[in-house]
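Please read the structure below before turning to the comments.
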Amino acid sequence: MGAHDVAVLGVGMHPWGKWGRNFVEYGVAAANDALADAGLAWSDIEYVAGADTIRNGYPGFIAGATFSQALGWQGNRVASCYAACASGAQALNIARAQILAGFCDVALVVGADTTPKGFFAPVGGDRPDDPDWLRFRLLGATNPTYFALYARRRMELYGATRQDFAQVKVKNARHGLANPNARYRKEVTVEEVMSSPTVADPLRLLDICATSDGGAAIVLSSMEYAKRHTTNPVRIAAISTVTPTFPQTVIEMPNFSTDSSATVAPPEIGFKDAIAHAAYEEAGLGPEDLDLAEVYDLSTALELDWYENIGLCKQGEAERLIRDGDTTVGGRIPVNPSGGLASFGEAIPAQALAQVCELTWQLRGQATGRQVEGAAVGITANQGLFGHGSSVIVAR
Amino acid sequence: MTKTQVPAIEGWFTTDPERPALLGTRCTGCGTYAFPRASAFCANPACPSTTFDEVELSRTGTVWSFTNSCYEPPPPYISPTGEFEPYTLAAVELANEGIVVLGQLAGDTTVDDLAAGTPVELVIDTLYEDDEHEYLVWKWKVVD
Ligand SMILES: [Zn+2]
Chain A
105 MGAHDVAVLG
115 VGMHPWGKWG
125 RNFVEYGVAA
135 ANDALADAGL
145 AWSDIEYVAG
155 ADTIRNGYPG
165 FIAGATFSQA
175 LGWQGNRVAS
185 CYAACASGAQ
195 ALNIARAQIL
205 AGFCDVALVV
215 GADTTPKGFF
225 APVGGDRPDD
235 PDWLRFRLLG
245 ATNPTYFALY
255 ARRRMELYGA
265 TRQDFAQVKV
275 KNARHGLANP
285 NARYRKEVTV
295 EEVMSSPTVA
305 DPLRLLDICA
315 TSDGGAAIVL
325 SSMEYAKRHT
335 TNPVRIAAIS
345 TVTPTFPQTV
355 IEMPNFSTDS
365 SATVAPPEIG
375 FKDAIAHAAY
385 EEAGLGPEDL
395 DLAEVYDLST
405 ALELDWYENI
415 GLCKQGEAER
425 LIRDGDTTVG
435 GRIPVNPSGG
445 LASFGEAIPA
455 QALAQVCELT
465 WQLRGQATGR
475 QVEGAAVGIT
485 ANQGLFGHGS
495 SVIVAR
Chain B
20 MTKTQVPAIE
30 GWFTTDPERP
40 ALLGTRCTGC
50 GTYAFPRASA
60 FCANPACPST
70 TFDEVELSRT
80 GTVWSFTNSC
90 YEPPPPYISP
100 TGEFEPYTLA
110 AVELANEGIV
120 VLGQLAGDTT
130 VDDLAAGTPV
140 ELVIDTLYED
150 DEHEYLVWKW
160 KVVD
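The following block contains the structure:
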């Protein structure tokens, strides 16, 4: 057990879907579930960290206060943060720092979103200074454009096939079948994935995750506080939220170009490897210690990239893992036992928290129908726009 | 009446009909290239420079990866003809700058015409039009 560990006392989620209600409702439902799971009352919470949503007006930009008000003003301290797909993990990290600094004993972390239909569009208005706006105007480059560039790169470099990508969806759909919080609970076949319409070649509609409504919440506490409420709690052993290191030579959303590697050599560890690497270093653990992983399968092919980024195999070997069934529940190192984004769709500020919720249920042995036997150490990994990423290591 | 041709964005590329080029910058302190241009700070964390020379970037490069777009993107995307037609995109490693730049492919190039390493060159093409103007953007074209 590390000196910087904090305890996960409670977790809760509002089921993912396309419910069309106000995001605050999902966040409050998830928060109440997390509090009940922790055996605590709202009045016990000293600190609230909210993960922001940028598509729901002002209340979304100040999520910590929004959720506090919805649960009932009680004079607790708050923080709100936005970090694209890593927003949930950054909110978790803020709460952890408050606890480890001794400013509070117990905190609530909440993220929730209500999403529009179809492609994620940039925030409205005429904004030619914003690369996220400009990429749509000048290039017609959507998020799937970037996912497809990475997928095609795997095909060109490592001989990945569309069957390999489809196999990831088949696996995750099967994993998600028994998950009550998953939006899609239906088996799919390789043929169904491959015959779904092409969105951005080589990716088909079923290779790409949808956008969803949903909410997730975590009650975090000091290890001391946890000992008074429970025995052997799941603990957070690391939270990594590192940025890329110059020069970042892989093109990232929403950019038009990479950094230049003409004058400074690229770092030894690329950005997505570095996200997990920093978490392993902080936890004093390595890929060999893992029992499972929850990674950000924005596309099926991206899940294969993550196998390498979090060190499950060497670069170019991920296809072998999916072909051999290594990453299926029951296999050597199950990935996305929750069903992943393939079964959930993405609810941005809630998603990194949902990953930690799943690891918590898995480590407690409560992941009915998708349980990884004897799970004791798990890692999450995610990445979003503008150099954001996160990795959380949960251990027991 | 011919429409006036104008860049869809000012200062990102030249519109020389023979040899168009992307306009980037080269840092006067460390030599780092940037596209789009650097104006106030250098991307190199070890470099305090705040001055940058405008440079034309390599007009040629090789394909890093590629894809297409089969569904109409949301605004601010504007369809060139008003009716959506799928288009092809490539991320291209410029010949000399150590930069990968994304762009659409000119003409009717499809993903079947491309591979990692395919040589391409920069051209200027119409992005979209209104009643008076033809708005221009850079695109990649496979070198014959
Ligand atoms: Zn410089």
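Those sequence lines, one after another, are chains A and B.
In terms of the numbering used here, the first sequence opens at residue 105 and continues consecutively.
In terms of the numbering used here, the second sequence opens at residue 20 and continues consecutively.
Using N, Cα and C, we set each Cβ at its ideal position, and we do this for glycine too.
From a predicted model like this one, the values you see are computed outputs, not experimental measurements.
6 Å Cβ shell around residue i - same chain, five flanking residues per side excluded
{"i": "B/A110", "result": "W83, S84, V119, L121"}
{"i": "A/R287", "result": "W120, G121, S316, F448, G449"}
{"i": "A/W465", "result": "A471"}
{"i": "A/A314", "result": "G449"}
{"i": "A/W123", "result": "D317"}
Span separating the alpha-carbon of residue i from that of residue j
{"i": "A/G215", "j": "A/G493", "result": "16 Å"}
{"i": "A/G478", "j": "A/D395", "result": "8 Å"}
{"i": "A/K331", "j": "A/D148", "result": "16 Å"}
{"i": "B/E151", "j": "B/K22", "result": "5 Å"}
{"i": "A/A133", "j": "A/V112", "result": "18 Å"}
{"i": "A/V110", "j": "A/D305", "result": "43 Å"}
{"i": "A/G263", "j": "A/I426", "result": "14 Å"}
{"i": "A/V152", "j": "A/F171", "result": "8 Å"}
{"i": "B/Q24", "j": "B/L146", "result": "11 Å"}
{"i": "A/Q475", "j": "A/Y250", "result": "33 Å"}
{"i": "A/G192", "j": "B/E153", "result": "44 Å"}
{"i": "B/E116", "j": "A/A321", "result": "45 Å"}
{"i": "A/L467", "j": "A/S442", "result": "13 Å"}
{"i": "A/Q419", "j": "A/M357", "result": "22 Å"}
{"i": "A/G491", "j": "A/A380", "result": "14 Å"}
{"i": "A/L196", "j": "A/E129", "result": "20 Å"}
{"i": "A/A342", "j": "A/G106", "result": "9 Å"}
{"i": "A/A405", "j": "A/V460", "result": "22 Å"}
{"i": "A/G374", "j": "B/T34", "result": "36 Å"}
Cutoff 8 Å; reference residue i; Cβ partners in own chain excluding five residues on either side
{"i": "A/D409", "result": "Y254, R258, K376, A422"}
{"i": "A/F240", "result": "A225, P226, T246"}
{"i": "A/M298", "result": "R266, Q267, A270, R308"}
{"i": "A/V338", "result": "A111, V112, L463, T464, L467, R468, V498, A499, R500"}
{"i": "B/Y106", "result": "N87, S88, Q123, L124"}
{"i": "B/I28", "result": "V156"}
Cβ shell of residue i (< 7 Å), same chain only, five flanking positions each side left out
{"i": "A/H108", "result": "L204"}
{"i": "B/Q137", "result": "The question names Gln, yet the displayed sequence has Thr at residue 137 of chain B. So the list reads T81, V82, V161, once near-sequence residues are dropped."}
{"i": "A/T432", "result": "K275, P438"}
{"i": "A/L175", "result": "V132, A135, W146"}
{"i": "A/W237", "result": "P226, R231"}
Residue i beta carbon near ligand 1 (any heavy atom closer than 6 Å)
{"i": "B/G48", "result": "yes"}
{"i": "B/T69", "result": "no"}
{"i": "A/C189", "result": "no"}
{"i": "A/T362", "result": "no"}
{"i": "A/T349", "result": "no"}
{"i": "A/N336", "result": "no"}
{"i": "A/N247", "result": "no"}
{"i": "B/T51", "result": "yes"}
{"i": "A/N276", "result": "no"}
{"i": "A/C313", "result": "no"}
{"i": "B/N173", "result": "What the structure shows of chain B is the stretch from 20 to 163, and residue 173 of chain B is not part of that stretch, so it cannot be assessed."}
{"i": "B/C66", "result": "yes"}
Whole-angstrom C-beta distance between residue j and residue i, which should lie under 8 Å
{"i": "A/G154", "j": "A/G168", "result": "3 Å"}
{"i": "A/D209", "j": "A/S325", "result": "6 Å"}
{"i": "A/S344", "j": "A/S495", "result": "4 Å"}
{"i": "B/A59", "j": "B/T69", "result": "6 Å"}
{"i": "A/G482", "j": "A/A397", "result": "6 Å"}
{"i": "A/T367", "j": "B/N63", "result": "7 Å"}
{"i": "A/C189", "j": "A/I198", "result": "So it is not a contact: roughly 16 Å between Cβ atoms."}
{"i": "B/A134", "j": "A/E385", "result": "In fact, because the Cβ distance is near 38 Å, the residues do not count as touching under 8 Å."}
{"i": "A/F360", "j": "B/P39", "result": "Actually they are not in contact, since the Cβ atoms of A/F360 and B/P39 sit about 16 Å apart, beyond 8 Å."}
{"i": "A/L144", "j": "A/V323", "result": "6 Å"}
{"i": "A/I312", "j": "A/P248", "result": "5 Å"}
Any non-hydrogen atom of ligand 2 within 6 Å of residue i CB
{"i": "A/P248", "result": "No copy of ligand 2 appears in this structure; the ligands present are ligand 1."}
Along the region 68-86 of chain B, what residues have a CB closer than 8 Å to any CB found in chain A? Of all residues in the region 68-86 of chain B, W83, S84, F85, T86 have a Cβ within less than 8 Å of some Cβ in chain A.
Contact residues within the region 48-62 of chain B, judged by C-beta distance below 9 Å to chain A: The region 48-62 of chain B vs chain A, Cβ under 9 Å: C49, G50, T51, Y52, A53, F54, P55, A62.
Against chain A, which members of the region 149-163 of chain B pass a CB distance test of less than 7 Å? Contacts with chain A (Cβ-Cβ distance below 7 Å) from the region 149-163 of chain B involve V156, listed in chain order.
Along the region 286-305 of chain A, where does the CB come closer than 8 Å to a CB of chain B? Name the residues. Answer in chain order: P301, T302, V303, A304, D305.
Counting only Cβ-Cβ distances shorter than 7 Å, please list the residues of the region 115-143 of chain B near chain A, keeping chain order. The region 115-143 of chain B vs chain A, Cβ under 7 Å: E116, G117, I118, V119, V120, L121, G122, Q123, V130, A134, A135.
Within 8 Å of chain A by C-beta, residues of the region 97-116 of chain B in sequence order: Hits within the stretch, in order: I97, Y106, L108, A110, N115, E116.
Near-chain B residues of the region 354-371 of chain A (beta-carbon distance less than 7 Å), N- to C-terminal order: Residues I355, F360, S361, T362, D363, S364, S365, A366, T367, V368.
Cβ-based contacts, 7 Å cut-off: residues of the region 208-219 of chain A near chain B: Residues: none.
Tell me which residues of the region 230-241 of chain A have at least one Cβ-Cβ distance to chain B shorter than 9 Å, keeping chain order. Considering only beta carbons, the part of the region 230-241 of chain A lying closer than 9 Å to chain B consists of D230, R231, P232, P235, W237, L238, R239, F240, R241, in chain order.
For the region 27-51 of chain B, which residues have a CB atom closer than 7 Å to at least one CB atom of chain A, in sequence order? Considering only beta carbons, the part of the region 27-51 of chain B lying closer than 7 Å to chain A consists of A27, I28, C49, G50, T51, in chain order.
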